[in-house]
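Residue numbers (the numbering used here): 3 to 390.
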């Protein structure tokens, strides 16, 4: 069980690596991949005043404490099911005023509702106005789950000079020598996808606790029933901070699971491949799965996903043939990366045809030759399948 507190005590220590959540191109305060002492001192002074300070009103209400407990239970189930292990973090809930003070030393997170500091294994969650006023505790739940999943992600370090640099968190990878970053938004999409799934499960099984939110927003109750108790909760598109990334992850999981037959167990198998990549570092199996539809260069395209090119990446995923995929890849990738993409495709013998003839496969799916269409109709109410 992690430590819950208003503010961190003894938070700053001399660290190597990077400030979590700050993209390399924005790390103006970091020299040679290390945090300058001046930044540490200022940050430390700002945080020293928090630990023993007691608010006149409790920072967390009873419903929020209940939600934190439910989130812990959901995370425990996730860890047990998938064999994910990580040291318990310290979790700090900050008012808007304290959040602004922290952001002076953690630029790049001002608009976020939370972030994970990998160097000290600390999670900071911002108590926004809608959190503090109990206007949207579903969002509060998702924020807790989202940051805890970041904390449990796979990590790799690399020796660099006299110290170590963090080169991978989940799928988010940094090439220290070249100063390039890959999979950043793709990684956020994976975290958001699974925190969203967990949020839906928690709300579905505890509707009494979220009654106010569900009654106020009928769109979140699903379209199956007007009865609150029978409704199936759904995260709306705007509920996701990285909705463009989540759209890509959903599309990819849907396509890869259909390739296996499109049954609920096929979705679970594909999700497990994503989980093993994010939380156990097994990127190889994900690459192999993606290559079945998009060739060996497919994962390289996904590594460059960002908000600006997300529409092009969606087009790449929808493309029915290698030639169309290649045209999208050329628009998405920088010139030197596109050359590597072409080389990968040529080396694997995919410069003419992809491993799967998607047009033929889609025809078989639509006509029921795979046996999936009838199965889907019979199981249209299956929650895990119908939401994809």
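Just so it is clear, CB atoms sit at the ideal spot from N, CA and C, and this is done for glycine as well.
Assign residue 313 to one of two classes, buried (16 or more other C-beta atoms within 10 Å of its C-beta) or exposed (fewer than that). The residue in question, residue 313, is exposed, as its Cβ has fewer than 16 Cβ neighbours within 10 Å.
I'd like the span of the alpha helix (DSSP H) that includes residue 245, first residue to last. 245–262
So, with DSSP's three-state summary, where would you put residue 289? helix
Count the other C-beta atoms from every protein chain shown that fall within 10 angstroms of the C-beta of residue 159, then say buried if there are 16 or more, exposed otherwise. Taking all protein chains in view, the Cβ of residue 159 is surrounded by fewer than 16 other Cβ atoms within 10 Å, so the residue is classified as exposed.
Out of 190, 322, 265 and 292, state which residue places its alpha-carbon closest to the alpha-carbon of residue 309. 190
C-beta contact flag for residue 252 and residue 195 at 8 Å: A contact, by the Cβ cut-off of 8 Å.
Tell me residue 158's beta-bridge partners as DSSP assigns them. 170
Kindly give me the distance between the Cβ atoms of residue 149 and residue 117, rounded to whole angstroms, as I take these residues to be in contact under 8 Å. 7 Å
Go ahead and label residue 248 buried or exposed: buried means 16 or more other beta carbons lie within 10 angstroms of its beta carbon, across all protein chains shown. Result: buried.
Would you identify the three-state DSSP class for residue 71, choosing helix, strand or coil? Correct three-state label for residue 71: helix.
I believe residue 2 touches residue 200 by the beta-carbon criterion, under 8 Å. Please report the beta-carbon distance rounded to the nearest angstrom. With the chain covering only 3 through 390, there is no way to say anything about residue 2.
Between the Cα of residue 258 and those of 113, 324, 273 and 111, spot the shortest distance and give me the residue it belongs to. 273
Can we say the segment 291–306 touches the segment 337–349, given the rule of at least three CB pairs closer than 8 Å? Taking a cut-off of 8 Å on C-beta distances, the segment 291–306 touches the segment 337–349, as three or more cross pairs fall below it.
Can you tell me which of 212, 193 and 282 puts its alpha carbon nearest to the alpha carbon of residue 246? 193
CB-CB length for residue 114 against residue 89, believed under 8 Å: About 23 Å; that fails the 8 Å criterion.
Using a 10 Å radius around the Cβ and a threshold of 16 neighbouring Cβ atoms, would you call residue 197 buried or exposed? buried
So residue 142 packs on residue 66, CB below 8 Å; how close in whole Å? 6 Å
Would you list the residues sitting across from residue 182 in a DSSP beta bridge? Answer by DSSP bridge pairing, in chain order: 177.
Across which residues does DSSP place residue 117 in a beta bridge pair? 126
What's the call for residue 23, buried or exposed, on a 16-neighbour Cβ count within 10 Å? Confidence at residue 23 is low in this model, with a pLDDT of 36, below 50, so the placement of that residue should be treated as unreliable; the coordinate-derived value is given next. Buried, because 16 or more other Cβ atoms sit within 10 Å of the Cβ of residue 23.
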